[in-house]
Amino acid sequence: MTLGPCRRGLLMLLLALGLTLGDPEEPSQGPQVTCTCKNPHCRGPTCQGSWCTVVLVQEQGSHPQEYWGCGNKHQELCKGRPTEFVNHYCCYSSLCNHNVSLVLAATQTPPEQTPGYGQRRLILGSMLAFLAVMALGALGLWHIRRRQEKQRGFHSDLGESSLILKPSEQGDSMLGDFLDSDCTTGSGSGLPFLVQRTVARQVALVECVGKGRYGEVWRGLWHGESVAVKIFSSRDEQSWFRETEIYNTVLLRHDNILGFIASDMTSRNSSTQLWLITHYHEHGSLYDFLQRQTLEPQLALKLAVSAACGLAHLHVEIFGTQGKPAIAHRDLKSRNVLVKSNLQCCIADLGLAVMHSQGSDYLDIGHNPRVGTKRYMAPEVLDEQIRTDCFESYKWTDIWAFGLVLWEIARRTVVNGIVEDYRPPFYDVVPNDPSFEDMKKVVCVDQQTPTIPIRLAADPVLSALAQMMRECWYPSPSARLTALRIKKTLQKLSHSPEKPKGIC
Ligand code: ADP
Ligand code: MG
Numbered sequence: 003m004t005l006g007p008c009r010r011g012l013l014m015l016l017l018a019l020g021l022t023l024g025d026p027e028e029p030s031q032g033p034q035v036t037c038t039c040k041n042p043h044c045r046g047p048t049c050q051g052s053w054c055t056v057v058l059v060q061e062q063g064s065h066p067q068e069y070w071g072c073g074n075k076h077q078e079l080c081k082g083r084p085t086e087f088v089n090h091y092c093c094y095s096s097l098c099n100h101n102v103s104l105v106l107a108a109t110q111t112p113p114e115q116t117p118g119y120g121q122r123r124l125i126l127g128s129m130l131a132f133l134a135v136m137a138l139g140a141l142g143l144w145h146i147r148r149r150q151e152k153q154r155g156f157h158s159d160l161g162e163s164s165l166i167l168k169p170s171e172q173g174d175s176m177l178g179d180f181l182d183s184d185c186t187t188g189s190g191s192g193l194p195f196l197v198q199r200t201v202a203r204q205v206a207l208v209e210c211v212g213k214g215r216y217g218e219v220w221r222g223l224w225h226g227e228s229v230a231v232k233i234f235s236s237r238d239e240q241s242w243f244r245e246t247e248i249y250n251t252v253l254l255r256h257d258n259i260l261g262f263i264a265s266d267m268t269s270r271n272s273s274t275q276l277w278l279i280t281h282y283h284e285h286g287s288l289y290d291f292l293q294r295q296t297l298e299p300q301l302a303l304k305l306a307v308s309a310a311c312g313l314a315h316l317h318v319e320i321f322g323t324q325g326k327p328a329i330a331h332r333d334l335k336s337r338n339v340l341v342k343s344n345l346q347c348c349i350a351d352l353g354l355a356v357m358h359s360q361g362s363d364y365l366d367i368g369h370n371p372r373v374g375t376k377r378y379m380a381p382e383v384l385d386e387q388i389r390t391d392c393f394e395s396y397k398w399t400d401i402w403a404f405g406l407v408l409w410e411i412a413r414r415t416v417v418n419g420i421v422e423d424y425r426p427p428f429y430d431v432v433p434n435d436p437s438f439e440d441m442k443k444v445v446c447v448d449q450q451t452p453t454i455p456i457r458l459a460a461d462p463v464l465s466a467l468a469q470m471m472r473e474c475w476y477p478s479p480s481a482r483l484t485a486l487r488i489k490k491t492l493q494k495l496s497h498s499p500e501k502p503k504g505i506c
């Protein structure tokens, strides 16, 4: 395989424009192929997959590294995202990656040839790119004029962005969504939409770091820096829409909310791929962290106070141009809280979130058929008594779940030399993957709450934490603590000389 600088440049342009040319090698539904395998995970010189890959990764300050291997449909790795630092190559016939070197390709100029299929594709590509640039310019001008004519408020932004992002309203070229992208610029947490797309296409997936119920999370590299890429399965596209919509319309930059970088949708052979790119946190989720670590009370408090700061920021409505609507999470759990390298938490996964703006009394509950995690559901959700038209109700369910997260932290905290193994809430009274009915029996009928470890009483900070949990679990939702109260109480508790600076 050879890619000279010009071809590479043009390919980059086409990728940046979101155009993909049909790959003649790509089968619609191919059988497994044998590929050359040279990477740390190989079990032999070859592997079997849906396609063969060569991945070139250059971490900053080190030599480029090439990995040969197999890709499969489940991993969805074959995206062809060449950049200055990273490069992917995919092919679909037996051992087709054997003689491929992306390091060589990046430095070689192809010999002069009579125009072949590939060159015809590139000529066609250039023409398409030119037309696309013209169309972009015209539509961009039209859009700017339309924006000047119409000052939109919070709802119309949401309404429009959800229209723009629906794949059914896009052609396979995916050009449409970034033509209209500037409607999200300036009001959201991230980069302008076009830049998000370009960034997304410069990310190389390096390793799978987690699997959730709805997709996979990969560590990716963008210009030598690690980023997290959540790849949503098509059955959870509504979570991707929702999270993208919230990050793009709400200013959500906060130390204790997972930092958003970009969101991207690509369409290939009529299958849609949905990516959400965020900051990468190598400790993983609080759930992962608590499996590995026991905690000293000060660290437990630091995790709790930082998570509370994130939740309080979500819940509060801030008025003004730099403001934000109130947001309730609706799927708070230790797996959706990440631990940063400074050992502060940040809240992730806004796929189920609801928003409320007091001024207009507008409640946006999205269109996601997904429901929260049963184990963390509040009694009023389980007995279906929750007032779904009242925004406060959703905040109260978050507080119930937050109390359970505090309990998970507390169990792993060492007091007087005693600590317990990690367990999920209600581990002793419901089976793995409990049903709605299992949870309802325990939480609503028997009115059980998790047992608070007795040893917490021996530590002033942890006994306050224990009391806080009880106040998160009141059966009457409106009697529960607010996120702001939790945050303030925890901050007061951490007012000690070694209190970590910069929390909230
Ligand atoms: P679930 O849907 O099961 O709550 P997610 O799909 O959000 O979980 O994530 C699955 C796992 O991937 C997490 O438990 C965590 O280990 C890892 N993960 C998610 N986001 C990140 C990130 N930004 N940085 C590092 N690891 C992450
Ligand atoms: Mg999640």
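Numbering (my numbering), first residue to last: 3 to 506.
Ideal Cβ positions, reconstructed from N, Cα and C, are used throughout, including at glycine.
Assignment of beta-bridge partners to W277 by DSSP yields I233, D266. For the pair C93 and H225, the Cα-to-Cα distance works out to about 24 angstroms. The beta-carbon distance between L292 and R414, rounded to whole angstroms, is 5 angstroms. This is short enough to meet the 8 angstroms contact definition. The beta carbon of D440 sits closer than 6 angstroms to the beta carbons of V432 from its chain, once the five residues preceding and following it are set aside; these are given in chain order.
Within the region 381 to 410, not a single complete beta strand (DSSP E) segment reaches 3 residues in length. Here the C-alpha atom of G46 lies approximately 7 angstroms from the C-alpha atom of C39.
By the Cβ rule, the region 308 to 324 does not count as touching the region 422 to 438, because fewer than three pairs are nearer than 8 angstroms.
Contact between the region 399 to 406 and the region 356 to 372 is absent, with fewer than three C-beta pairs closer than 8 angstroms. In the DSSP annotation of this structure, the continuous segment of the beta strand (DSSP E) that includes R221 starts and ends at 217 to 224.
Of all residues, those with a beta-carbon under 5 angstroms from at least one heavy atom of ligand 2 are G214, N338, D351, reported in chain order. Separation of the CB atoms of A328 and V318 is rounded to 6 angstroms, and the pair is thereby assigned contact status at 8 angstroms.
Using a Cβ distance threshold of 9 angstroms, I420 and L467 do not count as a contacting pair. Put simply, of T251, V356, S96, K376 the residue whose alpha carbon is nearest the alpha carbon of D435 is K376.
Nearest neighbour of N258 by Cα position, chosen from Q346, L278, D238, D385, turns out to be Q346. Within its own chain, the residues whose Cβ lies closer than 6 angstroms to the Cβ of A330, once the five positions on either side in sequence are excluded, are V356, Y396, K397, D400, listed in chain order.
In the DSSP annotation of this structure, V307 is not part of any beta strand (DSSP E); the continuous alpha helix (DSSP H) holding it starts and ends at 299 to 317. CA-CA distance, E386 to V463, rounds to 35 angstroms.
Annotation for P477: P381, Q449 place their beta carbon closer than 7 angstroms to its own, counting only its chain and skipping 5 residues before and after. When rounded, the separation of the alpha-carbon atoms in L260 and N101 is 41 angstroms. Contact check for V35 and S103: beta-carbon distance about 19 angstroms, past the 8 angstroms limit, so the pair fails to qualify. Here DSSP, grouped into helix, strand and coil, assigns D366 to strand. Y476 carries a coil assignment under DSSP once its states are collapsed to helix, strand and coil.
Judged by the Cβ position, G312 fails to qualify as a neighbour of ligand 1 at the 8 angstroms threshold, every heavy atom of the ligand being at least this far. By the neighbour-count definition (other C-beta atoms within 10 Å, threshold 16), A314 is a buried residue. A206: member of the beta strand (DSSP E) spanning 206 to 213, first to last residue. Short note on Y424: C-beta not closer than 8 angstroms to any heavy atom of ligand 1. When C-alpha distances from A264 are compared across V201, S272, C98, the shortest belongs to V201.
Around the C-beta of Q324, fewer than 16 other C-beta atoms lie within 10 Å, and the residue is accordingly described as exposed.
Within the same chain, and ignoring the five residues on either side of S437 in sequence, the residues whose Cβ sits closer than 8 angstroms to its Cβ are K376.
For T296, the three-state secondary structure derived from DSSP is coil. Around the beta-carbon of R244, 16 or more other beta-carbon atoms lie within 10 Å, marking it buried.
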